[in-house]
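Residue numbers (the working numbering), protein chains in the order written: chain A, -18 to 349; chain B, -18 to 349. Quick reminder that beta carbons are idealized off the backbone N, C-alpha and C, glycines included. Let me begin by presenting the structure, written as structure tokens, before commenting on it.
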DNA sequence: TGCCTTTACGTCAACGTTGACGTACTAACA
DNA sequence: TGTTAGTACGTCAACGTTGACGTAAAGGCA
């Protein structure tokens, strides 16, 4: 077992954070060294380093020169340990995958917002793995992170109750907390998927398929609910064969759509539950030469969606705004806001670029 | 002036890391509290928390129950301060923009590599701002980051000499260090741009324009050098009007290309120096109905480049490999590798998707 | 049965910094 | 000129944890 593992499950990992590796690295100078060289007390050095009053100009100059001579660098960890009610200056951002466009855009917006408050972002990808989420949360708590932004991979969040009670600001993003009442910024997924489906229905489509993410992912459930609600409102019977769960990669999406196209009564329109499904669907349609014959509405926007032929009609979440709102809420908590938890639900918008406006074959005047 | 500002220029920023904000948050329990409740010494609690031998089963159980009862959480900062030659477990990744696909992909690959070593990544976007780079480096040094991955915004790096001497592992990525000899992982930009240009020349093009980033950005210089070298090898005169510096946005790229298309002797092929220039160029070509008349090779790949009509021919950097190599080098340094600095130069590859294979008008058999 | 070794505790001080408090000297005011 | 207040220092202990060292008791071996 590794050090600090109780109350910090992340420490169970064999790490380089233990002492080790070749020759010891040279020790950095401390205020003691600076004090000795400048001929003053450590407290006086601290005053100068911190820009506090109580040091004469001459003494200050001597200390600055000594600090420069010794390459002295302030130790935030020691300072934070001693100061009463001090903060670490770190916020943890636990996102789905910092490499994908949604998480990357969110991280960027969050970083911008938090930089205003002098906070740094410790970024992590959860890859929908609940155990990794818990490990990283544990590590961040051990580091006394000032707050956490969490796009949870887990479905229940009681394990965070003690951290929340201990005063750790938590803001959920894209998914809501369960078993815990704290701040969240999400999208109205149901409304978004309903909008996508209604848009296709308004265009004349009646056989509309939906390809969705893992069933247990909350946003996936909500999007499916919206899809079904739109069908119901239009009095179009729900065909379970047109709803595909658990599509987790472009390749899988491509396969599913290709299978649809090969079927005897294929859908004339598709709703893709997330970006990689959209991309996979587009590939399948292109391969089959059907990009202008089958309508497609994707969930979430991404760069270049307008340059694809036809342009991709999407339900767009404003990632910049989501990140900015999360940052604002978190900074508010850190500044002392003790109000009831906020649940901001942003509305996505329909962006028409062509792929969602393709008419079904029976309505298409030129039958192309 | 703010605390710890000497030797830590980042601290000049007004921050929330100072004490403050409303009601004090509840103090967390410490080992002292656990020891009191369990009826043992602090040292014995430390033994159990750290999984060290020297605690009986009965005592261990009492301590674990007390820790759970008190919601005790290990304090990594205090532990790190006390342990000799301990590490913070943090690596700073200073990238161009964590929201763009190149930086995002790199961050992800880096995160994956460093997670193997139990390290967390503190991510920051520099936006090509040298002052921000220095501030963030300063902050990370104050936090005693174990290492830094730096895609520098600055041109000179003497300011890092003292950190390097102090034993802080530094790995430059995408750009090399100047005035400092440390590890780096870069791409052979010159070779890549030369490859792009030679490819167009081999396709019959003679009037090839290049749109490039800010002149002082090192990768931009190298790409320009490669472009010029290919022209020279083909004995094609260099036309300064065909080389455009300082293209910083899609909109700007769109404008430049539109201007080219309006000129009396427009280029028949384009080399785009980076992704956003590529995207801007594609928009301009589409608007002018010229996507199949002007050849285009972009620098660096991105998602969906194959779905654009025509598919984008690009010089592709293997972002995953870059990130993995950076991580490997950094972990090696942390594990004690004291060898001479490594300068890994990866070769980009030409990905043909159509846009770079468009022939010039005089060679195009159907003249479209 | 006696002696030696090992184990399970605990004490003390240290890490690098800062808050609280004290002292001496200087400056300002009456 | 004397008194009071303010400034420029310094001392001491604290933050939460861990390394070094010590002690007592128990177990094993001769």
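- Counting only runs of 3+ residues, the beta strand (DSSP E) found wholly inside the segment 227 to 302 of chain B occupies 250 to 253, 276 to 280 and 294 to 297, in chain order.
- Ranking A:273, A:327 and A:64 by CA distance to the CA of residue 345 of chain A puts A:273 first.
- For residue 166 of chain A, no alpha helix (DSSP H) run applies; the uninterrupted beta strand (DSSP E) run containing it begins and ends at 164 to 168, by DSSP.
- Inter-segment contact for the segment 312 to 325 of chain B and the segment 265 to 280 of chain B is absent: fewer than three beta-carbon pairs are separated by less than 8 Å.
- Beta-bridge partners of residue 71 of chain B (DSSP): B:101.
- At the C-beta level, residue 16 of chain B and residue 26 of chain B come within 7 Å of one another.
- Taking a 10 Å sphere around the C-beta of residue 316 of chain A, we find fewer than 16 other C-beta atoms and assign the residue as exposed.
- Pairing residue 154 of chain A with residue 307 of chain A gives a Cβ-Cβ distance under 7 Å.
- The C-alpha of residue 40 of chain B lies about 55 Å from the C-alpha of residue 234 of chain A.
- Among the residues of the segment 83 to 104 of chain B, those with a Cβ less than 7 Å away from any Cβ of chain A are 85, 86, 88, 89, 92, 98, 99, 100, 101, 102, 103 and 104, in the order of the chain.
- CA-to-CA, the gap between residue 29 of chain B and residue 123 of chain A works out to about 16 Å.
- The CB of residue 290 of chain A comes closer than 9 Å to the CB of 288, 289 and 290 in chain B, given here in chain order.
- The DSSP-derived three-state label of residue 60 of chain A is helix.
- Between the alpha carbons of residue 67 of chain A and residue 161 of chain B lies a gap of roughly 35 Å.
- The segment 176 to 194 of chain B makes contact with the segment 207 to 219 of chain B, as at least three CB pairs between them are under 8 Å.
- Across the structure, residue 222 of chain B and residue 204 of chain B are spaced so that their CA atoms are roughly 17 Å apart.
- Under the DSSP assignment, residue 153 of chain A falls in the beta strand (DSSP E) whose first and last residues are 151 to 154.
- Not a single CB atom of chain B sits nearer than 7 Å to the CB of residue 16 of chain A.
- The Cβ atoms of residue 171 of chain A and residue 207 of chain A sit closer than 7 Å to each other.
- One alpha carbon belongs to residue 113 of chain A, the other to residue 89 of chain B, and they sit about 15 Å apart.
- Within the segment 53 to 64 of chain A, 53, 54, 55, 56, 57, 58, 59, 60, 61, 62 and 64 place their CB atoms closer than 9 Å to a CB of chain B, listed in sequence order.
- Contact annotation: in the segment 260 to 273 of chain A, residues whose CB is within less than 9 Å of a CB in chain B are 260, 263, 264 and 267.
- Residue 36 of chain B sits in coil when the DSSP states are folded into three classes, being neither helix nor strand.
- Excluding five sequence positions before and after residue 258 of chain A, the CB atoms of its chain that fall closer than 6 Å to its own CB belong to 192, 228 and 234, given in chain order.
- With respect to chain B, the C-beta atom of residue 307 of chain A has no partner C-beta closer than 7 Å.
- From the beta-carbon of residue 333 of chain A, no residue of chain B is found nearer than 8 Å; the closest lies around 17 Å away.
- Per DSSP, residue 191 of chain A is one residue of the beta strand (DSSP E) stretching across 189 to 192.
- In the structure shown, residue 159 of chain A adopts coil according to DSSP, grouped into three states.
- Counted as a single uninterrupted DSSP element, the alpha helix (DSSP H) harbouring residue 145 of chain B occupies residues 142 to 146.
- Taken through DSSP and simplified to helix, strand or coil, residue 79 of chain B comes out as coil.
- In the three-state reduction of the DSSP assignment, residue 21 of chain A falls in the coil class, being assigned neither a helical nor a strand state.
- Interface flag for residue 124 of chain B against chain A is set, since a Cβ pair is found closer than 7 Å.
- Beta-bridge partners of residue 335 of chain B (DSSP): B:292.
- Residue A:156 holds the alpha-carbon nearest to the alpha-carbon of residue 138 of chain A among A:126, A:127 and A:156.
- Taking 7 Å as the Cβ-Cβ cut-off, the segment 162 to 183 of chain A has no residue approaching chain B.
- Sorting A:8, A:94 and A:111 by C-alpha distance to the C-alpha of residue 106 of chain B places A:94 at the top.
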